[in-house]
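The structure appears right after this line, and notes come after that.
In my numbering, the protein residues as written are 679 to 1106.
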């Protein structure tokens, strides 16, 4: 009976704890909180993407942050203000695109008046500007007039592109060299896409691109299989060559994702093989390449850290006296985190009691120095959190936890900072 009561009591406590935790987390992220976080993210993107980089095509993505912010707080003035800014920017871009279209039309008309052939690139620029304006404002009266007036130019440009595409397609069909065949297929595909960009209903381009696309799709499958085989066999150079061929054919987001994944697998496996062979410098080079293609950096970061640990331990074993001098220099300079990492590495490598005692005496000095550092890091983390720089606060609180995993309420701050940062990143 007593056991049953104990179990029921424990169950009740666990249920209460779970409910309280859920309530507490929800309390910390109420609607106003979420609205503010989304607006902060939107403002940062607005300043980077729209103000600095002038990338209007990303403005709707930026606007979405403020729209979601208003979902949580419909009267949030900051979100409303930035939506107005973005809409004004959109209006500016429409006017600029329209001006560009008119500029190139005048240039083309001047050439025609002089009985000269217009530059094809000017024609494409004009058509692109007209189409961009209509994409931004489908009912724009001036753009609709330009679209009608440039109909013959559109036909002429598509005819030229189709002629060039057919020439390239012939090379694709007759080439016996696989690499040249792949290159021609990719070029022909791009030309047909340009035709469809200016004339989406062009039947010939639509029909021709279908066959090219089927070939490319099949080639990508073949190259993927071949690359995977060479990666598994540890034949890095051959796998690199095949993946380079794969890059030529990539066009869709899925293709580019495949290229990235294959490149990552190649260099990650090569780094592991070199690390196992104790060729640490080569392992690091491959790991750095793998990091460029990583979708999730945690796995490659772990490997890079393991390689660095192996390098450090090798150096420590080779020259204990020099390393001890370096440790003393770190202690003198009060570089406590670096000293802590180094002394722990040294302790894991030494075998004699004399050396171990020598290091433990230094570790006491380091632990004393860390007491002051940890308080500074903690206070900086709290300031960053209050300033809504959650990424910075996460880094600082992580440093605190590496020194002392249970320091004050660091774990609670870290949990909240991660929640807020994840919410920001969930709309990327």
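No residue lacks a Cβ here, since even glycine has one placed at the ideal position from N, Cα and C.
Residue i versus residue j - alpha carbon distance
i	j	result
residue 1085	residue 1079	7 Å
residue 772	residue 727	17 Å
residue 956	residue 947	14 Å
residue 703	residue 971	Annotation note: pLDDT 37 at residue 703 (below 50); position unreliable, no value reported.
residue 867	residue 851	13 Å
residue 939	residue 915	17 Å
residue 981	residue 1025	22 Å
residue 1047	residue 1053	11 Å
residue 1049	residue 732	47 Å
residue 1062	residue 762	29 Å
residue 877	residue 843	15 Å
residue 787	residue 839	21 Å
residue 710	residue 874	46 Å
residue 923	residue 781	40 Å
residue 701	residue 749	The pLDDT assigned to residue 701 is 36, lower than 50, so where the model puts this residue is not dependable, and the model offers no usable value.
Buried/exposed call for residue i, threshold 16 Cβ in 10 Å
i	result
residue 864	buried
residue 837	exposed
residue 909	buried
residue 681	Only weak support is given to the placement of residue 681: the predicted model assigns it a pLDDT of 41, under 50, and the value that follows is read from those uncertain coordinates. Label assigned to residue 681: exposed.
residue 854	exposed
residue 985	buried
residue 1090	exposed
residue 828	buried
residue 935	exposed
residue 751	buried
residue 965	buried
residue 1018	buried
residue 1088	buried
residue 705	A caution first: residue 705 carries a pLDDT of 38, below 50, which makes its placement in the model unreliable, though a value can still be read off. Per the 10 Å Cβ criterion, exposed.
residue 897	buried
residue 720	buried
residue 833	exposed
residue 932	exposed
residue 1038	exposed
residue 698	In this predicted model, residue 698 has a pLDDT of only 35, less than 50, meaning its place in the structure is not dependable enough to derive any value.
residue 880	buried
CB of residue i within 8 Å of CB of residue j, strictly
i	j	result
residue 811	residue 821	yes
residue 1119	residue 806	The structure shown does not extend to residue 1119, since the chain is modelled only from 679 through 1106, so no value can be given for it.
residue 1058	residue 1009	no
residue 900	residue 927	no
residue 849	residue 824	no
residue 952	residue 961	yes
residue 777	residue 744	no
residue 1015	residue 1077	yes
residue 713	residue 760	no
residue 814	residue 841	no
Cβ distance (whole Å) where residue i is taken to contact residue j below 8 Å
i	j	result
residue 991	residue 1001	With a Cβ gap of about 10 Å, residue 991 and residue 1001 do not count as contacting.
heavy atom of the ligand HEM below 7 Å from residue i C-beta
i	result
residue 863	Because no ligand of any kind appears in the structure shown, any question about the ligand HEM cannot be addressed here.
Uninterrupted beta strand (DSSP E) stretches inside the segment 780-826 (no shorter than 3 residues): none
Along the chain, which unbroken stretches of the alpha helix (DSSP H) at least 4 residues long are found entirely within the segment 718-773? Under the rule that a run must span 4 or more residues, the alpha helix (DSSP H) segments found entirely inside the segment 718-773 read 737-750.
Complete alpha helix (DSSP H) runs within the segment 1010-1093 (minimum length 4 residues, chain order): Taking only runs of at least 4 residues, the alpha helix (DSSP H) segments lying wholly in the segment 1010-1093 are 1014-1027, 1031-1064, 1068-1081.
In the segment 847-934, which residue ranges form an unbroken alpha helix (DSSP H) of at least 4 residues, counting only runs that do not cross its ends? Counting only runs that start and end inside the segment 847-934, the alpha helix (DSSP H) elements of at least 4 residues fall at 856-876, 881-910, 914-927.
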